[in-house]
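Asker:
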Amino acid sequence: MFGMGKKDGDADKEEAERKKIEATMVSIDSGFEHLRHHAEAGNTDRSEAAAKRLVESLKNPKLPAPYSKDRRNAVDAFLLHAYMKATALACKGAIDAGMSDDIEKRTEMIKKAREYLAGAVKYKAPPDFKKQCDRMLEVATFSGGVKAKGPTKAKPLDTAPKVKDRAKSFDPDGKKDDKPVIPQNLKT
1 MFGMGKKDGD ADKEEAERKK IEATMVSIDS GFEHLRHHAE AGNTDRSEAA AKRLVESLKN
61 PKLPAPYSKD RRNAVDAFLL HAYMKATALA CKGAIDAGMS DDIEKRTEMI KKAREYLAGA
121 VKYKAPPDFK KQCDRMLEVA TFSGGVKAKG PTKAKPLDTA PKVKDRAKSF DPDGKKDDKP
181 VIPQNLKT
């Protein structure tokens, strides 16, 4: 009978292993809070780094399989959110730069937006989001740099003298005067 049961040392090892797994799960959950904050801010670099650390932690074979699967799906969802947020912010920045006629910044922001959009598509962004971003990038591309500072071929400098106003005179009360205005050179 003495050899049939588990030894006290085995029970202590199992208890220590269970506590270690629980501590790992708590650590993973706190890592998700960091990932969520970075994703909300649209910070893709830090989100990627936090996601990489979480995925490494989730590779522990002693973690429950449903827990690991749910957390891996959540990592992908947070990364998708981070890339979508970063894309939207970059598109908005490109449009704002175009409106203020800052062509270099507009070009840089369009480039960033396209990179972030590729990342969002990698994490399975909805097709509507891609269409909306394409429209915003098109608007940003065509915004700014429109006003010329001087005469152009389409609007040359007007050097002709101003023509005198030959319309009928008006009463200050806003009523029309019935008498026609006769030009000075036609009066006799």
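Take the sequence shown: its position 177, counted from the start at 1, is 177 in UniProt numbering, and no numbers get skipped. In this text, a Cβ means the ideal position worked out from N, Cα and C, and glycines have one as well.
#1: What residue from 41, 65, 152 and 28 has the CA that sits closest to residue 53's CA?
#2: Going by the CB atoms, is the gap between residue 113 and residue 87 shorter than 8 Å?
#3: Do you know how far the Cα of residue 94 is from the Cα of residue 31?
#4: Does the pairing of the stretch 89-105 with the stretch 55-70 give three or more beta-carbon distances under 8 Å?
#5: Provide the residue span of the alpha helix (DSSP H) that contains residue 184, from first to last.
#6: With DSSP collapsed to three states, give me the class of residue 73.
#7: Counting only the same chain and skipping the five closest in sequence on each side, list residues whose C-beta sits under 7 Å from that of residue 131.
#8: Are the beta-carbon atoms of residue 51 and residue 35 separated by less than 8 Å?
#9: Locate the alpha helix (DSSP H) running through residue 51, then write down its first and last residues.
#10: With distances taken between CB atoms, is the gap from residue 62 to residue 21 smaller than 8 Å?
#11: Is DSSP giving residue 30 helix, strand or coil here?
#12: For a test of the three-state rule: what should DSSP assign to residue 123, helix, strand or coil?
Answerer: Concretely, from the data shown:
#1: Within the sequence shown, residue 53 is the residue found at index 53, counting from 1. Looking at the Cα atoms, 28 is the closest of the given residues.
#2: For the purposes of this step, residue 87 is taken as the residue at position 87 of the sequence shown. For the purposes of this step, residue 113 is taken as the residue at position 113 of the sequence shown. Yes, they are a contact pair.
#3: As a position in the sequence shown, residue 31 is number 31, starting the count at 1. As a position in the sequence shown, residue 94 is number 94, starting the count at 1. Cα-Cα distance, rounded: 32 Å.
#4: No, the stretch 89-105 is not in contact with the stretch 55-70.
#5: Start at 1 with the first residue of the sequence shown, and residue 184 comes out as number 184. Looking at the DSSP string, residue 184 is not in any alpha helix (DSSP H), and its letter there is neither H nor E.
#6: Position 73 of the sequence shown, counted from the start, is the residue given in the question as residue 73. In this structure, residue 73 counts as helix in the three-state DSSP scheme.
#7: Here residue 131 is taken as the residue at index 131 of the sequence shown, counted from 1. Apart from sequence neighbours up to five positions away, no residue of its chain approaches residue 131 with a beta-carbon distance below 7 Å.
#8: The sequence position of residue 51 within the sequence shown is 51, counting from 1. The sequence position of residue 35 within the sequence shown is 35, counting from 1. Cβ distance < 8 Å, so residue 51 and residue 35 count as in contact.
#9: Here the question's residue 51 lines up with position 51 in the sequence shown. That run of the alpha helix (DSSP H) goes 44-58.
#10: Taking the first residue of the sequence shown as 1, we reach residue 62 at position 62. Taking the first residue of the sequence shown as 1, we reach residue 21 at position 21. Yes, the Cβ-Cβ distance between residue 62 and residue 21 is below 8 Å.
#11: Reading the sequence shown from its first residue, position 30 is the one you call residue 30. In this structure, DSSP gives residue 30 a helical state, which the three-state scheme calls helix.
#12: Here residue 123 refers to the residue found at position 123 of the sequence shown. Note: residue 123 maps to coil in three-state DSSP.
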